[in-house]
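First the structure, in the form of structure tokens, and then the observations on it.
In the UniProt record's numbering, the protein residues as written are 1 to 599.
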């Protein structure tokens, strides 16, 4: 251990030289780090994810689940088949994620000591320790590796689960009220705080003797408090480095752009240059960010930890040599056939990945790409008001998406919330107030003022200017809602211009029975497996659950698939290229302009 201590500078010089130290370690270990990350990402894409997906689908088949959507997801999770899924898949996911991080920690640990390592030997060290995860505590590991760390979403993470996030439709709704905004900020602060407390959990788990996860967290918290200023200095240094890298890549991009224009001409040079540089930069970052993070925290961990705490070499496996001990020679030889198989599987995974990459980047052929203005254009007026709908028409929306509620006296009004408090300041459920009383209240939001309109008023005003998508969220106090809505649609003669959609599948079936010629859509905030079981005319699915499998399922059924709520042009372009039929958005004008350029 003396050699290791010699390789580590004093605490006084550490703060000023931390970034240089990390880069020194990276210079020594970049080959095994990049090799392992590249191979592990290919394995994740080509083997681990398909295998876990196959297991999950098999469990669904045993339970007789053709598909799971919306509230059925909660019911499934608490069913015996849901419990089996967690019991089977969670340990597999933990093992896959732990293995990746553990290999990176070992490589960083030995490289900090100036020792070059063999990836296969390090991988053997990790696999030998895998059975100890049960002693550490699977619940704690699951909370950290499958929830807390992915929710940080800081750009570095495991290949299997690089990030988790709360769907935008939840956060956007919460942030419309002060209490909701505080809840979102508080939750984000909690996630950051917990990740800081657990920042040294990975090197402690990997490099020290097995201990309960609670003890790991306690030690990590103590180390974090002792090293907080070092971490802060490191963060400041990395921000400076990041700025320098951005400047460097900008200069490189300008030079590349000039060269491309000179060779190919201006017409295609800009798109080509930007595309190549962005792809190359993002791909390189995806391979380097996680190893850099692991090197940094391992380096600081070793500075603030007693060498006697390390147990990395107690397994007798030499990380610098593939055949470590005589007793392991035969065991290593047996891996030869498996290595050949692994190479073959990697080739298959690589080819499959390239196929998926090119398939996802080619714009699908379509006649049109539908833009639905989510509650109108909220930059023009308060949501679900005449001003917002007029703004949506001016912005080029193909359809306006509006929410309807029913008042105490059965009037259909255009309003989203079940309670009036958010936009009127009055804490009154909408089903407890009559239309006459409702007309006396004003809507206020972001300095704008308006009023609630009836469905009749909206249809009369915008019929012929746009088409309608009516979103229903039954609250249980309705009076003949289906009959009232059907009558309103027929009265205005817009049967061919209106969609009716809801997250309530049973309500949709009731509506279909009453008006079979009016198109209905199933709004899904969670969707798994096939869309085949649902008797609807189209699907509107939250963007987090859009996958090639879901898109293929909709295409096989020859039913449109719309994505909600898409509020940036890059995401809209992504879904356009994937082949979905349209998006529901708050930024109609921006996306319309961008999609028209793609056409």
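Where is the CB? At the ideal position from N, CA and C, for every residue including glycine. These figures come from a predicted structure and were not determined experimentally.
Taking Cβ to Cβ, would you say residue 109 is nearer than 7 Å to residue 207? Yes, the Cβ-Cβ distance between residue 109 and residue 207 is below 7 Å.
Candidates 489, 105, 508, 168: which alpha carbon is nearest residue 299's? 105
Determine the direct distance from the alpha carbon of residue 197 to that of residue 234, and round the result to whole angstroms. 17 Å
Alpha carbon to alpha carbon, what distance is there between residue 169 and residue 186? 18 Å
Might you give, ordered along the chain, the residues of its own chain that have their beta carbon closer than 7 Å to the beta carbon of residue 148, omitting 5 neighbours on each side? 191, 194, 195, 198
Spatial neighbours of residue 34 in its chain, beta-carbon cut-off 7 Å, leaving aside the 5 residues before and after: Spatial neighbours of residue 34 in its own chain (CB-CB distance under 7 Å, excluding positions within 5 residues in sequence) are listed in chain order as 287.
Beta-ladder partner(s) of residue 448, from DSSP: 445
What are the complete beta strand (DSSP E) segments, minimum 3 residues, inside the stretch 39-97? 67-69, all fully within the stretch 39-97.
Where residue 587 and residue 377 are concerned, what is the direct C-alpha to C-alpha distance, given to the nearest angstrom? Spanning the two alpha carbons is a distance of roughly 7 Å.
Using 8 Å for Cβ pairs, my map puts residue 455 next to residue 413. What's the rounded Cβ distance? 7 Å
Return yes when the Cβ of residue 140 is within less than 7 Å of the Cβ of residue 213, no when it is not. yes
Three-pair Cβ contact test at 8 Å for the stretch 530-549 versus the stretch 569-578: yes
Using only CA atoms, which one of 165, 200, 202 lies nearest to residue 184? 165
Going by C-alpha to C-alpha distance, which of 317, 399, 227, 143 sits closest to residue 496? 399
Whole alpha helix (DSSP H) elements within the stretch 496-522, 4-residue minimum: 505-514
To the nearest angstrom, how far is it from the Cα of residue 232 to the Cα of residue 200? 15 Å
Residue 400 bridges to which residues according to DSSP? 373, 468
Name the DSSP beta bridge partners of residue 454, please? 413
The beta strand (DSSP E) with residue 542 in it runs from where to where? Start and end: 538-542.
So for residue 567, helix, strand or coil by DSSP? coil
Just verifying my parser: in three-state terms, what is the DSSP assignment at residue 113? coil
I need the straight-line Cα distance from residue 251 to residue 243, nearest angstrom please. The alpha-carbon atoms of residue 251 and residue 243 are separated by roughly 12 Å.
What is the C-beta distance between residue 415 and residue 403, in whole angstroms, given that I count them as a contact (C-beta under 8 Å)? 6 Å
Nearest chain C C-beta to residue 180 closer than 7 Å, yes or no? Among the chains in the structure shown there is no chain C, since it carries only a single protein chain.
CA-to-CA distance, residue 189 to residue 217, given in whole angstroms: 18 Å
Work out the CA separation of residue 374 and residue 451 for me, nearest whole Å. 18 Å
Residues bridged to residue 226 [DSSP beta-bridge criterion]: DSSP, once it has assigned bridges, lists no residue as partnering residue 226.
I want to know whether the stretch 46-60 touches the stretch 308-323 - three or more CB-CB distances under 8 Å. no
Segment limits, beta strand (DSSP E) that includes residue 584: 582-585
Using a Cβ distance threshold of 8 Å, determine whether the stretch 512-530 contacts the stretch 66-82, with at least three qualifying pairs required. Verdict: yes, contact present.
For residue 123 and residue 508, the rounded distance between their alpha carbons: 53 Å
Could you give the DSSP three-state label for residue 419: helix, strand or coil? In the structure shown, residue 419 sits in a strand (DSSP, three-state: E or B).
With a threshold of 16 other CB atoms inside 10 Å of the CB of residue 401, please say whether the residue is buried or exposed. buried
Residue 531 by DSSP, collapsed to three states: which one? Coil.
With DSSP as the reference, identify every bridge partner of residue 310, one or two as the case may be. 208
Starting from residue 190, follow the alpha helix (DSSP H) in both directions and report where the run begins and ends. 178-197
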